[in-house]
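See structure below.
Residue numbers (the numbering used here): 26 to 111.
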């Protein structure tokens, strides 16, 4: 039995330079998208507007490296993916 909350996301472009787009179309009730560094510090948080399919996050101020994107639904971390900032 699959959990309908656990849809998938796509993130682009990879590597990201100025803006990271997070496609949340298949996540039920997505509430926010957060970016963390490799040691788990939250660097950015974006609230998702109802009905939004894509969250665009400015990443030009982040240093080059690997980061984690977490999508939250109803306050729960439902999907985590990595991306590279160039």
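Every residue, glycine too, gets a C-beta built ideally from N, C-alpha and C.
- Following the DSSP letters along the chain, one finds residue 55 inside the beta strand (DSSP E) bounded by residues 55-61.
- Inter-residue distance for residue 40 and residue 62 is about 15 Å (C-alpha atoms, whole angstroms).
- Here residue 87 has 110 as same chain residues with Cβ atoms under 6 Å from its own Cβ, once five neighbours each way along the sequence are excluded.
- The criterion of a C-beta distance shorter than 8 Å is not satisfied by residue 64 and residue 82.
- For residue 102, the enclosing beta strand (DSSP E) stretches over residues 101-110.
- Contact between residue 32 and residue 59 fails: their C-beta atoms lie close to 17 Å from each other, not under 8 Å.
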